[in-house]
Each structure stands twice: as C-alpha cells, then as structure tokens.
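Structure first, commentary second.
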Amino acid sequence: LKAVIKDVNKKDKFAQACAALHDQVTHHAFPRRDALFTAVLRVGTVLKTRHAEGSAAWRLGLSLFEEAAGSERFINGREEGDVGKLRDLVQAARATTDAADAEPENNGDGGGSGDA
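Here our numbering is used: the first residue of the sequence shown is 34, the next is one more, and so on.
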C-alpha cells in the first residue's frame, strides 16, 4: 500500500495507483482498512492540489470515491466525520467533472487556457 500511495503523488502514475486502490476497495482484499481509507482520502488531497479540475484524474477519483462511499463494508465502523470527508470528496469530484462536461457547450468564443 505504501508504494501505491507514493504513486498517487506522481502525476504519471496517478491513474495506475487509483486503479489499484479501486480494486482493493471493490474486492475488500486489503486487511488494514484504516490504511486503505487514509489512502483514499489522500487521493482527494492530491486531486485538489495537483490536478486540474475536470481532468481525467478527477474522473478516476470520482469512481474511487463513489465505490468507497457506497461500500457498507468499507465505511462500516468509521466515525461520521471520516465518512463525511469521503462524501465531500464525492461531491467535489462530481461538481468538477460535471462542470467539465458542461464546459464545451460554453466554450465557443476562444477563451481557452493558453499554451504559455
């Protein structure tokens, strides 16, 4: 799990790390649930600080957060504050991906991001 967390911190390995975490959450294969929960929250921190809103990374995060938040076995026994953080990440990821989905409709007048 330590290697996966290191990979979450690297843009070029982020997708692979998210997939590994998603697999562990989905299959409940990881015996140290606390460490896995912390890793899922770390994905949220990395997204907020290192990835553009609406990027593919946010879509990967959304999938991971939704899987984790929807798994009773994964969140069972967690403090409400921790579960709330996870639900906040689901909402933030949904908002940024929804905004990115809507953006092309309003992007016809050349207000691009620039190549500087």
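We put the CB at the ideal spot given by N, CA and C, even for glycine.
Residue state for residue 117 is assigned as helix, using DSSP reduced to three classes.
The Cβ atoms of residue 70 and residue 111 sit closer than 8 Å to each other. Around the beta carbon of residue 124, a 10 Å sphere encloses fewer than 16 other beta carbons of the protein chains shown; the residue is thus reported as exposed. Rounded to the nearest whole angstrom, the CA to CA distance from residue 82 to residue 66 is 25 Å. For residue 75, the enclosing alpha helix (DSSP H) has its first and last residue at 66-83. Here the alpha carbon of residue 91 sits roughly 10 Å from the alpha carbon of residue 47. Within the model, the alpha-carbon separation for residue 78 versus residue 42 is close to 10 Å. DSSP places residue 93 inside the alpha helix (DSSP H), whose first and last residues are 89-103. Of the residues 88, 102, 35 and 76, the one whose Cα lies closest to the Cα of residue 130 is 88.
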